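Novice: Here this note's numbering runs 18 ahead of the position in the sequence shown, where the first position is 1.
Submitted below is the structure of interest, expressed as structure tokens.
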Amino acid sequence: MRHAALVPGLLLLALSFSAAWAGGPKKGGGTPATPPPAAPVDPVAALTEEDINKALEPYFAAAMKGDRDAALDALIVILDDPAQSVYHGVAYARLADSVRDLEQPYAALIAAGQAISLDPTRGASQVKPSLKIAGEVHDLAYLEGVFAKNVGLDVDAETRAELAWLAARGAYADGQLSTALGILALVGKDNPYYAKGQALKGVILNRQGKYSEAMAALLIAESLSSGDPELQDVVRLNLARTYYAAENYTRSIEYYAMVSRASPAWPDAQFERAWAHFRFNDTNGALGLLQNHVSPFYTEWYFPEAQLLRTYSLFLMCKFPEASKQIDEFQATWKPVRESLRATLGAMDEEAAFADARAYVNGEPTKLPGMVLRPYGADERLAEAIKAVAVADRELEKLNQRGTSWAKHLAPLVKARRDELVKAEGARVMASVQAKIDELGQMISDTEISRLDMLNLEKRLYEQAAAAGEMAETRKMAQRDVKIRKGYVSWPYEGEYWADEVGYYRVNAVAECPQGLTVGGGQ
Numbered sequence: 019m020r021h022a023a024l025v026p027g028l029l030l031l032a033l034s035f036s037a038a039w040a041g042g043p044k045k046g047g048g049t050p051a052t053p054p055p056a057a058p059v060d061p062v063a064a065l066t067e068e069d070i071n072k073a074l075e076p077y078f079a080a081a082m083k084g085d086r087d088a089a090l091d092a093l094i095v096i097l098d099d100p101a102q103s104v105y106h107g108v109a110y111a112r113l114a115d116s117v118r119d120l121e122q123p124y125a126a127l128i129a130a131g132q133a134i135s136l137d138p139t140r141g142a143s144q145v146k147p148s149l150k151i152a153g154e155v156h157d158l159a160y161l162e163g164v165f166a167k168n169v170g171l172d173v174d175a176e177t178r179a180e181l182a183w184l185a186a187r188g189a190y191a192d193g194q195l196s197t198a199l200g201i202l203a204l205v206g207k208d209n210p211y212y213a214k215g216q217a218l219k220g221v222i223l224n225r226q227g228k229y230s231e232a233m234a235a236l237l238i239a240e241s242l243s244s245g246d247p248e249l250q251d252v253v254r255l256n257l258a259r260t261y262y263a264a265e266n267y268t269r270s271i272e273y274y275a276m277v278s279r280a281s282p283a284w285p286d287a288q289f290e291r292a293w294a295h296f297r298f299n300d301t302n303g304a305l306g307l308l309q310n311h312v313s314p315f316y317t318e319w320y321f322p323e324a325q326l327l328r329t330y331s332l333f334l335m336c337k338f339p340e341a342s343k344q345i346d347e348f349q350a351t352w353k354p355v356r357e358s359l360r361a362t363l364g365a366m367d368e369e370a371a372f373a374d375a376r377a378y379v380n381g382e383p384t385k386l387p388g389m390v391l392r393p394y395g396a397d398e399r400l401a402e403a404i405k406a407v408a409v410a411d412r413e414l415e416k417l418n419q420r421g422t423s424w425a426k427h428l429a430p431l432v433k434a435r436r437d438e439l440v441k442a443e444g445a446r447v448m449a450s451v452q453a454k455i456d457e458l459g460q461m462i463s464d465t466e467i468s469r470l471d472m473l474n475l476e477k478r479l480y481e482q483a484a485a486a487g488e489m490a491e492t493r494k495m496a497q498r499d500v501k502i503r504k505g506y507v508s509w510p511y512e513g514e515y516w517a518d519e520v521g522y523y524r525v526n527a528v529a530e531c532p533q534g535l536t537v538g539g540g541q
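What follows is the structure, encoded as structure tokens:
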């Protein structure tokens with residue numbers, strides 16, 4: 019809206035300049051008004067076909083003789099000459115077309131990206147084939163950056179749809195949220211990426227604190243994602259998070275519960291749902307959900323905060339001995355984990371971190387514990403990067419076996435992209451692990467403070483209760499019959515765990531606060 023508001027002012031300013039110039043000298047004499055400076059001419063856009071054909075004469079001559087390597091080497095002569103920089107875009111376009119036919123797809127993709135970036139007008143012809151190649155080499159992420167800087171490419175409607183979606187993803191990945199939103203406006207309702215576009219729009223608006231607008235976009239995405247269960251789970255999880263951020267905990271709980279158990283995000287959804295119950299002052303609801311995360315099935319998962327949330331819930335129900343026991347268990351479990359993570363991460367660089375994540379995905383031994391690498395098992399971005407690096411490695415072997423100038427020119431470009439992927443994904447893994455190290459340090463420190471708070475509150479509560487003469491009884495919760503769904507059986511938990519029970523626990527603990535001083539509970 020801000021940009022749209024600027025347009026009339028710009029038009030008015032332009033009209034004022036035109037009127038002043040057309041009117042000639044001002045009344046009463048004086049010098050004529052100075053015309054506005056002419057816009058600089060883009061030397062690349064100003065090239066004529068004659069200019070291009072002349073520059074490419076050596077290429078055409080070798081091609082006419084059937085000497086493909088010589089023809090491609092002629093293009094490299096142009097690319098290596100800074101004085102011919104205006105022709106670099108068309109040279110890369112020719113190079114992309116040729117090496118694509120030589121089954122060097124990654125090299126063709128990089129060349130096409132260069133052609134689009136250096137000469138967007140003529141490079142637009144490379145958009146459609148580059149999309150196909152990027153899919154084949156598993157590196158659509160490369161085009162995200164290219165398209166984000168060249169949204170106005172002259173392509174057909176179908177291609178523009180994919181271009182806009184990738185450009186928006188690229189801008190979002192770079193943290194350019196407003197730019198990403200602007201590009202998403204190009205993804206119309208008839209666009210096959212409209213549902214995903216609305217989902218991304220909702221995530222961006224949530225991050226900007228615009229919760230009502232985020233919900234509207236995400237609800238559209240939900241209505242359009244019924245045929246894609248994986249997308250639907252992601253959308254519902256983000257809806258739950260948006261309602262939570264807006265402090266609408268009942269709706270948040272509703273959407274967390276909709277995330278299917280088959281989704282990789284289900285454990286996270288249950289944990290986050292427990293927080294919503296806790297915020298709603300339903301500590302029993304939180305404890306029931308968190309029973310999953312302390313079961314043997316999740317001992318190799320990273321959920322330290324789940325253990326802390328159990329502690330907070332017990333604390334608010336005045337179950338001080340049990341809460342203190344939970345703190346002891348937390349520290350005994352997570353202090354060694356933190357120290358191990360610090361030591362392992364300290365000996366790693368980005369390449370080693372990428373190799374470790376790749377080993378985890380491939381089911382091989384890792385240096386980092388599986389609990390911190392587990393999210394990457396279902397991470398599409400990492401999976402694509404692993405495949406892309408493998409393609410690049412194979413292609414580099416072929417390029418290095420060739421003795422031609424064009425192969426020597428393209429090999430470093432392919433390697434640079436390969437290394438860029440490795441570094442980016444490795445850095446992402448390292449940042450995630452470092453965040454967990456920092457988080458655990460803060461949590462361990464907080465538990466010591468919580469222990470002191472617990473002792474002080476326990477003492478204060480019972481002093482107040484003694485003064486009020488209310489020590490004899492604790493508040494008793496009303497006993498209600500549990501409604502059991504048809505086809506289900508309910509029985510008391512007696513300490514055992516079964517795989518088919520995970521996700522189906524109901525806690526009806528009695529708060530132990532003195533009567534009238536209860537600070538937690540719920541159904």
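Glycine included, each C-beta is placed from N, C-alpha and C at the ideal position.
Computed from a predicted model, the values in this text were never measured in an experiment.
(1) Extract the residue ranges of the alpha helix (DSSP H) inside the stretch 212–270, only unbroken runs of 4 or more that lie entirely within it.
(2) What three-state label does DSSP hand residue 16 in the structure shown?
(3) How should residue 322 be labelled, buried or exposed, when 16 other C-beta atoms within 10 angstroms of its C-beta is the threshold for buried?
(4) Name the residue from 298, 300, 271 whose alpha carbon lies nearest to the alpha carbon of residue 286.
(5) Rounded to the nearest angstrom, what separates residue 395 and residue 102 at their Cα positions?
(6) Are the beta-carbon atoms of residue 108 and residue 61 separated by less than 7 angstroms?
(7) Does the stretch 329–344 come close enough to the stretch 399–407 to have 3 or more Cβ pairs within less than 8 angstroms?
(8) Beta-carbon within less than 7 angstroms of residue 254's beta-carbon, same chain only, minus the 5 sequence neighbours each way: which residues are those?
(9) With DSSP run on the structure shown, which of helix, strand or coil describes residue 82?
(10) Suppose you measure from the CA of residue 372 to the CA of residue 387; what does that come to, to the nearest Å?
(11) What is the DSSP secondary structure of residue 461, counted as helix, strand or coil?
(12) How is the alpha helix (DSSP H) around residue 138 delimited, first residue to last?
(13) Compute the Euclidean distance between the alpha carbons of residue 455 and residue 361, then round it to the nearest angstrom.
(14) Contact defined as beta carbons within less than 8 angstroms: I believe residue 161 pairs with residue 148. What is the distance between those atoms, to the nearest angstrom?
(15) Below 7 angstroms between beta carbons: does that hold for residue 429 and residue 418?
(16) Return helix, strand or coil for residue 451, following the three-state DSSP convention.
(17) From this set, 124, 179, 140, 142, which residue's C-alpha is nearest residue 153's C-alpha?
(18) How big is the Cα-Cα spacing for residue 193 and residue 288?
(19) Please list the segments of the alpha helix (DSSP H) lying wholly inside the stretch 339–427, counting only runs of 4 or more residues, in order along the chain.
(20) For the alpha helix (DSSP H) that residue 69 lies in, which residues bound it at each end?
(21) Can you give me the C-alpha to C-alpha distance between residue 528 and residue 352, rounded to a whole angstrom?
(22) Excluding the 5 residues preceding and the 5 following residue 441 in the sequence, name in chain order all residues of the same chain whose CB lies nearer than 6 angstroms to its CB.
(23) If you compare alpha carbons, which of 195, 341, 378 is closest to residue 465?
(24) Following the continuous alpha helix (DSSP H) through residue 324, name the residue where it begins and the one where it ends.
(25) Can you look up residue 187 in the DSSP assignment and give me helix, strand or coil?
(26) Could you check where the alpha helix (DSSP H) with residue 156 kicks off and where it finishes?
(27) Quick one: grab the DSSP three-state call for residue 290.
(28) Work out the CA separation of residue 532 and residue 223 for me, nearest whole Å.
(29) Leaving out the 5 sequence neighbours to the left and right, which residues in its chain are closer than 8 angstroms to residue 291 when beta-carbon positions are compared?
(30) Does residue 302 come out as helix, strand or coil in the three-state DSSP assignment?
(31) Going by DSSP in three states, residue 100 sits in which element: helix, strand or coil?
(32) Is the stretch 215–222 in contact with the stretch 168–188, if contact means three or more CB pairs nearer than 8 angstroms?
(33) For the candidate residues 251, 87, 296, whose alpha-carbon lies nearest to that of residue 424?
(34) Using CA atoms only, rank isn't needed, just tell me which of 413, 422, 299 is closest to residue 436.
(35) Leaving out five residues before and five after residue 267 in sequence, what residues of the same chain have Cβ atoms less than 6 angstroms from its Cβ?
(36) Please identify the residue among 452, 262, 283 whose C-alpha is closest to the C-alpha of residue 250.
Specialist: The short version:
(1) 212–225, 229–242, 247–263
(2) What the structure shows of the chain is the stretch from 19 to 541, and residue 16 is not part of that stretch, so it cannot be assessed.
(3) buried
(4) 271
(5) 47 angstroms
(6) no
(7) no
(8) 240, 273, 276, 277
(9) helix
(10) 14 angstroms
(11) helix
(12) 138–141
(13) 10 angstroms
(14) 6 angstroms
(15) yes
(16) helix
(17) 124
(18) 28 angstroms
(19) 368–379, 388–391, 398–419
(20) 67–73
(21) 29 angstroms
(22) 368
(23) 341
(24) 322–334
(25) helix
(26) Residue 156 -> no alpha helix (DSSP H), and no H or E assigned at all.
(27) helix
(28) 45 angstroms
(29) 258, 270, 271, 274, 275, 307
(30) helix
(31) helix
(32) yes
(33) 87
(34) 413
(35) 294, 297, 298
(36) 283
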